[in-house]
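Numbering (full-length UniProt numbering), first residue to last: 5 to 225. Glycine included, every Cβ here is placed at the ideal spot set by N, Cα and C. A short write-up of the structure that comes next.
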Amino acid sequence: TRDFLIAPSILSADFARLGAEVDDVLASGADIVHFDVMDNHYVPNLTIGPMVCEALRKHGVTAPIDVHLMVKPVDRLIGDFIDAGASIITFHPEASDHVDRSLQLIRDGGCQSGLVFNPATPLSYLDYVMDKVDMVLLMSVNPGFGGQSFLPGTLDKLSEARRRIDASGRNIRLEVDGGVKVDNIAEVARAGADTFVAGSAVFKGRNAADPHRYDSVIRDF
Ligand code: DX5
Ligand code: ZN
Numbered sequence: 005t006r007d008f009l010i011a012p013s014i015l016s017a018d019f020a021r022l023g024a025e026v027d028d029v030l031a032s033g034a035d036i037v038h039f040d041v042m043d044n045h046y047v048p049n050l051t052i053g054p055m056v057c058e059a060l061r062k063h064g065v066t067a068p069i070d071v072h073l074m075v076k077p078v079d080r081l082i083g084d085f086i087d088a089g090a091s092i093i094t095f096h097p098e099a100s101d102h103v104d105r106s107l108q109l110i111r112d113g114g115c116q117s118g119l120v121f122n123p124a125t126p127l128s129y130l131d132y133v134m135d136k137v138d139m140v141l142l143m144s145v146n147p148g149f150g151g152q153s154f155l156p157g158t159l160d161k162l163s164e165a166r167r168r169i170d171a172s173g174r175n176i177r178l179e180v181d182g183g184v185k186v187d188n189i190a191e192v193a194r195a196g197a198d199t200f201v202a203g204s205a206v207f208k209g210r211n212a213a214d215p216h217r218y219d220s221v222i223r224d225f
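Written as structure tokens, this is what we have:
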């Protein structure tokens with residue numbers, strides 16, 4: 005039996021009060037903070053960088069920060085995020101010229117490493133680096149925006165990723181990102197995921213009675 009982790013994506017938080025939003029979701033039962041970094045180059049949107057990660061640490065966030073790099077090139081930002089207090093750093097293999105080196109840079113910096121697979125990216129990128137990843141992240145939408153619909157083809161891909169992870173005998177988390185909601189999370193878990201990113205579902209699920217709590221949606225997961 006695996007332990008399941010809920011990772012709210014702060015892409016859907018109110019950036020004007022980000023520290024409080026992160027405090028609120030963690031107090032409401034979230035396990036880790038999913039931090040989406042977009043560069044308007046690898047993906048068509050622009051978000052937040054290492055300074056914001058560092059600011060959350062200075063604010064007092066102690067939970068793991070799961071940095072999802074949607075940037076090209078990746079290596080320079082890996083160093084910056086290590087210095088900024090990241091816990092997990094994942095990147096898209098197509099965006100790195102040297103996938104093995106980028107994974108090694110992350111581990112050398114004391115962070116957990118991972119590869120992210122777009123809907124059309126084959127899992128064969130894992131073939132020679134299974135011993136260098138702590139997390140496999142499957143995108144269930146095309147990256148760039150919150151609030152998109154879960155692509156059903158992800159379920160079979162999750163099962164395949166689960167088989168590869170189990171066959172490796174390694175302790176590797178299987179994360180899913182995009183369109184995860186209360187009404188599909190059980191199916192996604194059955195397909196093999198153990199770590200669930202949810203942006204719009206969490207941040208639209210603020211408790212009616214207490215605007216600082218998100219327990220009802222996080223509990224429903
Ligand atoms: C999309 C991001 C996701 C996004 C998920 O490129 O990587 O983390 O915030 O948002 P929802 O849960 O709304 O699909
Ligand atoms: Zn993400």
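| query | result |
| --- | --- |
| Meets three-Cβ-pair contact criterion under 8 angstroms: the region 167-174 and the region 133-148 | yes |
| Buried or exposed (CB count within 10 angstroms, at least 16 for buried), P12 | buried |
| Where F225 falls: helix, strand or coil (DSSP) | coil |
| Per DSSP, the bridge partner or partners of Q152 | According to DSSP, which records beta bridges pairwise, Q152 is partnered with nothing at all. |
| Assigned exposure category for T5 - 16 Cβ within 10 Å defines buried | Because T5 carries a pLDDT of 46, less than 50, the predicted location of this residue cannot be relied on, and no value is offered for it. |
| F8 beta carbon less than 8 angstroms from that of F200 | yes |
| T199 - partner residues in DSSP beta bridges | L9 and E179 |
| Contact test: V71 Cβ vs the ligand ZN heavy atom, cutoff 7 angstroms | no |
| Coil, strand or helix - S117 by DSSP | strand |
| Span of the alpha helix (DSSP H), counted from its first residue to its last, around L107 | V103 to D112 |
| Distance, Y129 Cα to K76 Cα | 17 angstroms |
| Outcome for Y46 when other beta-carbon atoms lying within 10 angstroms are tallied against a minimum of 16 | buried |
| The ligand ZN heavy atom lying under 7 angstroms from the CB of S13 | yes |
| Bounding residues of the beta strand (DSSP E) (the contiguous stretch that carries L73) | I69 to M74 |
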